[in-house]
Amino acid sequence: MPQTGALVASELDLSWVRSQFPSLSQKVDGQPAIFLDGPGGTQVPQRVIDAISNYLCRDNANSGGAYPTSRNTDAMIASARAAMADFLGCSADEIVFGPNMTTLTYAMSRAIGRELQPGDEIVLTHLDHDANIAPWRALEERGATIRMVDIHADDCTLDMDDMARKITGKTKVVAVGYASNAVGTINDVQRIVQLAHDHGALAYIDAVHYAPHGPIDVRAIDCDFLVCSTYKFFGPHMGVLFGKRDHLKRLQPYKLRANTDAIPNRWEWGTLNHECIAGITACVEYLADLGRNVSSPSNRRAAILAAYDAIKRHEHELMDKLIRGLQKISGLRLYGIQDPVHFDKRCPTIAVRIQGHTPLQLANRLGEHGIFTWDGNYYAVNVTERLDVEKDGGFLRIGIAHYNTAEEIDRFLTTLRTIVAT
């Protein structure tokens, strides 16, 4: 999807990037650790650590007080909303903070559920993380009907013809992931949102997995809601929800009486995690600085877009190298899009299985060599069930982030080949 205001970026300065992340200097048995576990949560720049620490040292107070540290807290929260508004391409009063994506989605599904009638339908997909399925399935208690969109098992892409059939005049919500956290597929969310709106339904986008890899423009997508988690794109463990202003005003949240009715605060339950919110501004500024290093952007939003242009090209080079190497390993099956021509439709998140080795065995052996990967279903249980691998331990997942290097991919492939051969 084209991003308005995007700038052509130069080559990613990988030395500068890696110098920002203190955790990357760790070693395991004398060898540098390789972090290929980004889909479960990325590493964070030093500035994020400093922002959290500095807030606790200087301004730790509840909001709304008539004294300096409380007023500083209010200003910090406002700054974080503005940062996330630049990140997502929306207004600051459309940004809601919460503990994580799952909690925010449950809160929103409960509010939307107040308007549903028995027989109303909610469309979900087999490609999604369970955090964008279970909160909506809970509305079956109110009489809602759940309809599941199938996938093409050969390349793990959504069956868009099935999507078009499942969205009808009875559909009230279409909830779909921007990208699969299991197999990396990037969905055509703009088309899906249009299908939902054509039938008068709300469109709810889970962008948790996509956010580290590509720019998000909620205005261009025209989604009603979009949710992400900052710990997946170089920040603290927090969730962030975008909601169109009219929806945030109209829908009725479950909340405390004392909580204001003003947006976005009415959607934030209890005291927020102030120190982590301070870290959110820092992680957005890291991305903006990366963009300023490769281009000459006119504002923070343009800097973020420039950063993602460089990130995507670097990650795609590593992904091409990784997939080509994996395809040469005997007994290995790779799930998802494999043709480089279509790499623009996938994230650099690779799911594999290798004959004679369980995913857990492989992850354990790789971990012993200082290479960090994930095994299992990563809560994308609908995918592993649909592909009939859940009972066999799911997948081994290799996740590339922009701080990874070609040398790390080479070492991973060499180590994996040695493990498989023994």
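Just so you know, we're using my numbering here: the sequence shown kicks off at 612 and counts up by one. Note that beta-carbon positions come from the ideal geometry of N, C-alpha and C, so glycine has one too. The model shown is predicted, which means the values in this text are computed figures rather than measured ones.
H1094 versus E726, R997 and E1018, residue with shortest Cα-Cα distance:
The question about residue 1094 has no answer, for the chain in this structure spans 612 to 1033.
L901 - containing alpha helix (DSSP H), residue span:
H885 to V905
Apply the 10 Å Cβ neighbour rule to G902 and answer buried if 16 or more other Cβ atoms are within range, or exposed otherwise.
Classification of G902: buried, given that the 10 Å Cβ count is 16 or more.
Roughly how many whole angstroms lie between the Cα atoms of D857 and G881?
23 Å
What's the gap between the Cα of R682 and the Cα of E886?
14 Å
Sort I891, D766, S636 and L813 by Cα distance to F698 and report the nearest one.
Closest by C-alpha distance to F698, out of I891, D766, S636 and L813, is I891.
Assess contact between the stretch 833 to 842 and the stretch 705 to 714, defined as three or more Cβ pairs (one per stretch) separated by less than 8 Å. Is contact present?
Yes: at least three Cβ pairs fall under 8 Å.
Runs of beta strand (DSSP E) wholly within the stretch 953 to 990 (minimum 3 residues, chain order):
DSSP runs (the beta strand (DSSP E)) wholly in the stretch 953 to 990: 960 to 965 and 985 to 987.
Coil, strand or helix - I1020 by DSSP:
Helix at I1020.
Compare the C-alpha of A703 against each of M687, Y717 and L715 and name the closest.
In terms of Cα proximity to A703, the closest of M687, Y717 and L715 is M687.
Name, in chain order, the residues that DSSP records as bridge partners for M797.
Before going further, note that residue 797 is Ile rather than Met in the sequence given. Per DSSP, A790.
D741 to E928 span [Cα, whole Å]:
Distance between the alpha carbons of D741 and E928 is about 30 Å.
Mind the definition here: the stretch 1016 to 1026 touches the stretch 969 to 982 only if three or more C-beta pairs lie below 8 Å; say whether that holds.
yes
Identify, in the order they occur along the chain, each residue of the same chain with its Cβ nearer than 8 Å to the Cβ of T1033, setting aside the five sequence neighbours on each side.
Correct list: empty, nothing qualifies.
Which class does R1028 belong to by DSSP, given the choice of helix, strand or coil?
helix
Return the residue from the list I816, I663, R877 and L625 that minimises the CA-CA distance to I744.
I816
Member of K866, G1010, G936 and A814 whose CA lies at the smallest distance from the CA of R1028:
G936
Three or more C-beta pairs under 8 Å: does that hold for the stretch 858 to 868 against the stretch 661 to 668?
As far as the Cβ criterion goes, the stretch 858 to 868 does not touch the stretch 661 to 668, which means the pair count is below three.
Completely contained beta strand (DSSP E) runs for the stretch 830 to 887, where each covers 3 or more residues
Correct list: 836 to 840 and 850 to 854.
Using only the alpha-carbon positions, how far apart do Y575 and M774 sit?
Past the edges of the chain, shown from 612 to 1033, lies residue 575, and the structure says nothing about it.
Quick one: what's M759 bridged to in DSSP?
L735
Could you please give the first and the last residue of the uninterrupted beta strand (DSSP E) stretch that includes D817?
L813 to D817
Pair every Cβ in the stretch 981 to 988 with every Cβ in the stretch 817 to 835, then say whether three or more of these pairs are closer than 8 Å.
no
Relative to the alpha-carbon of L769, which residue among G788, K932 and I874 has its alpha-carbon at the smallest distance?
G788
From the DSSP secondary-structure annotation, give me the bridge partner or partners of Y946.
A962
Excluding five sequence neighbours on each side, which residues of the same chain lie with their C-beta closer than 7 Å to the C-beta of G616?
Unreliable positioning characterises G616 in this predicted model, as indicated by a pLDDT of 39, which lies under 50. A coordinate reading is not provided.
Once the 5 residues before and after L973 are set aside, which same chain residues still bring their CB inside 6 Å of it?
L1007
Anticipated Cβ contact below 8 Å, S791 with H824, distance rounded:
12 Å between Cβ atoms; not a contact.
When the distance is taken between beta carbons, is M930 closer than 9 Å to I888?
no
What residue from P875, L971 and A991 has the CA that sits closest to A691's CA?
P875
Let's test the definition: count the other Cβ atoms within 10 Å of the Cβ of Y678 and tell me whether it reaches 16, buried, or not, exposed.
The residue is exposed, with fewer than 16 neighbouring Cβ atoms inside 10 Å.
According to DSSP, which residues form a beta bridge with R1008?
A962 and W985
Thinking C-beta only, is L735 closer than 9 Å to R753?
no
Residues of its chain near V804, where Cβ-Cβ distance is below 7 Å and the 5 sequence neighbours each way are ignored:
A814, I832, D833 and C834
When DSSP labels each residue in this structure, what does P679 get in the three-state scheme?
helix
Identify, in the order they occur along the chain, each residue of the same chain with its Cβ nearer than 8 Å to the Cβ of G1010, setting aside the five sequence neighbours on each side.
Same-chain partners within the cutoff: L647, D648, G649, P650, G651, P959, T960, I961, T984 and W985.
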